[in-house]
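Residue numbers (the numbering used here): 8 to 146.
Let me begin by presenting the structure, written as structure tokens, before commenting on it.
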Amino acid sequence: MIRKKDRTSVDPSLSGNWAQVLFDNVYSDLKAHFLQFVSSQEKALTKLFSDLQPTTKKVSKLLECAVDFTPKQKELEQHQKRLIRVLAESKLQKFLRFYTESDLVVTDSIYVEFEEITEFTRRPIGHNCAQLWKDSAPG
Numbered sequence: 008m009i010r011k012k013d014r015t016s017v018d019p020s021l022s023g024n025w026a027q028v029l030f031d032n033v034y035s036d037l038k039a040h041f042l043q044f045v046s047s048q049e050k051a052l053t054k055l056f057s058d059l060q061p062t063t064k065k066v067s068k069l070l071e072c073a074v075d076f077t078p079k080q081k082e083l084e085q086h087q088k089r090l091i092r093v094l095a096e097s098k099l100q101k102f103l104r105f106y107t108e109s110d111l112v113v114t115d116s117i118y119v120e121f122e123e124i125t126e127f128t129r130r131p132i133g134h135n136c137a138q139l140w141k142d143s144a145p146g
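Right, dumping it as structure tokens:
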């Protein structure tokens, strides 16, 4: 008696797990492209992050002062820049965090204003929403 071909049997030309081979090829190509993309993005992000790292020179350039300063206020401005130049990296990040809410250089400028000294003036005031440094100075 001749049996009819069983429906569950697989055609011999398709034997050998062809779907797995096809999937492996597609997967390896996709994986290679993905790793190449991630590698290029990682380099770009690393460069961006290193460009945003604060240095004393970058932070000194951020300070913007009013043009109509008195000679005493101009002298204080120079002292502020000197203070920034001697800060260690961790202190520089804290300085930036106080005035800009970020450890990185993410703003174009930090505006410096001087206020008259009163009996209640004790410390500089930082407005991080406006990147403003208010300091007390003699009139």
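Even glycine gets a Cβ: it sits at the ideal position worked out from N, Cα and C.
| Asked | Found |
| --- | --- |
| DSSP state of L83 mapped onto helix, strand, coil | helix |
| Extent of the continuous alpha helix (DSSP H) run through L52 | 25–59 |
| N-terminal and C-terminal residue of the beta strand (DSSP E) that E122 is part of | 117–123 |
| Within 8 Å, strictly: CB atoms of S67 and R92 | yes |
| N-terminal and C-terminal residue of the beta strand (DSSP E) that L94 is part of | Run containing L94: none; DSSP gives neither H nor E here. |
| Exposed unless 16 or more other CB atoms sit within 10 angstroms - verdict on T107 | buried |
| Cα-Cα separation between Q80 and T53, rounded to whole angstroms | 39 Å |
| Beta-carbon spacing of L70, V113 below 8 Å | no |
| N- and C-terminal bounds of the alpha helix (DSSP H) containing L111 | No alpha helix (DSSP H) contains L111, which DSSP labels as neither H nor E. |
| Sheet register partners of E71 (DSSP bridge) | Y118 |
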